[in-house]
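Accompanying notes for the structure given below.
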Amino acid sequence: MGESATPTLAEEILEPGEGRLRGLLISGANPVGAMPDTERVVAAFRALELLVVIEPFHTATTALADYVLPPKILFEHADMTFGLEMTNLSIPYAQYTPALVPPPAGSELCDEGYVAWALAKRLGVALNFMGVEMDMDTPPVDDNDFLAVMARNAAVPFEQLQREAVGGKLFELPPKVVAPAGEGAGRFDVIPADVAGELAAFAATTPVSAQVVFAVPADQRRDPRGRGDGGALPGDICRDDVDAPRALPGRRHPLGRQLEPVAAHG
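Quick look at the structure:
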């Protein structure tokens, strides 16, 4: 669970070998209807030893399943916004929606989280949900048990979200103040040591022979040589054996101005 479909899925099922996929548990997806090369995907799914699909509607994938587990649908389970606040909003907004209607009487509908919990229970392993090990002795009552885990680090307690954020709410929270950064003493390693050594050895033994293009101040573009300042122009060849500045990125202009390179060739 939690993996995205891949175009190589059929190959992973059909190709013989020790790592061949023999079973799939699919939740809320219809890969048979979504993946390319439908005939090969169908053949692959028929070759599985076990195909379980958690899906409230009949699809091309459920038609091939050994078991179809019916989850609660939209209005039958609780939910809340989550990714929206993390990626798109800079304001403290949240929305919580309780279940609006109960599932049909006598039905076997359950939350998808319960399916994961029950499978883990039968396998004798603890279900780890978003870094939290769930209680394996007491089954989750509904989706609220999982939503509470998702909201455990929120600025507003989950119980308050349940009370106040139905329909959405913009919370008034104290501003977050970040302390000034301390003086940095560390350095990033941006190049492997052996490569840096090779470059240093090359630079020490090789004369500069490169065409370097610079962004030159406008007042020097027409006749920099006539000014007697040794300025570099686009297209200048800069060598150790000519009377020209060492016009390399990061070197300073003879008059104290910094030359900013825009491209380098050679």
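If you read the sequence shown in this note's numbering, its first letter stands for residue 58, the second for the next number, and so on.
C-beta atoms are modelled at their ideal positions from N, C-alpha and C, and glycine is treated no differently.
Judged by DSSP in its simplified three-state form, Gly-80 adopts strand. Sequence-distant partners of Ala-117 (beyond 5 residues in either direction) whose C-beta falls short of 7 Å from its own C-beta, in its chain, are Asn-87, Val-89 and Gly-90. With fewer than 16 other Cβ atoms from the protein chains shown falling within 10 Å of its own Cβ, Tyr-124 counts as exposed.
With a cutoff of 8 Å on beta-carbon distance, Trp-174 and Pro-196 are scored as near each other. Ile-248 and Val-206 have their C-alpha atoms roughly 41 Å apart.
Leu-184: not part of any beta strand (DSSP E); DSSP gives it neither H nor E. Within the stretch 59-137, complete beta strand (DSSP E) segments of at least 3 residues are found at 80-84, 107-111 and 124-126, given in chain order. Across the structure, Ala-156 and Leu-176 are spaced so that their CA atoms are roughly 24 Å apart. The C-beta separation of Thr-154 from Met-143 comes to about 18 Å, leaving the pair out of contact by the 8 Å criterion.
Listed in chain order, the alpha helix (DSSP H) runs fully inside the stretch 140-184 are 140-144 and 169-180, counting runs of at least 4 residues. Judged by DSSP in its simplified three-state form, Val-252 adopts helix. Distance from the CA of Val-158 to the CA of Asn-185, rounded to the nearest whole angstrom, comes to 29 Å.
DSSP, reduced to helix, strand and coil, places Glu-190 within a strand of the structure shown.
Judged by DSSP secondary structure, Val-206 falls within the alpha helix (DSSP H) whose first and last residues are 200-207.
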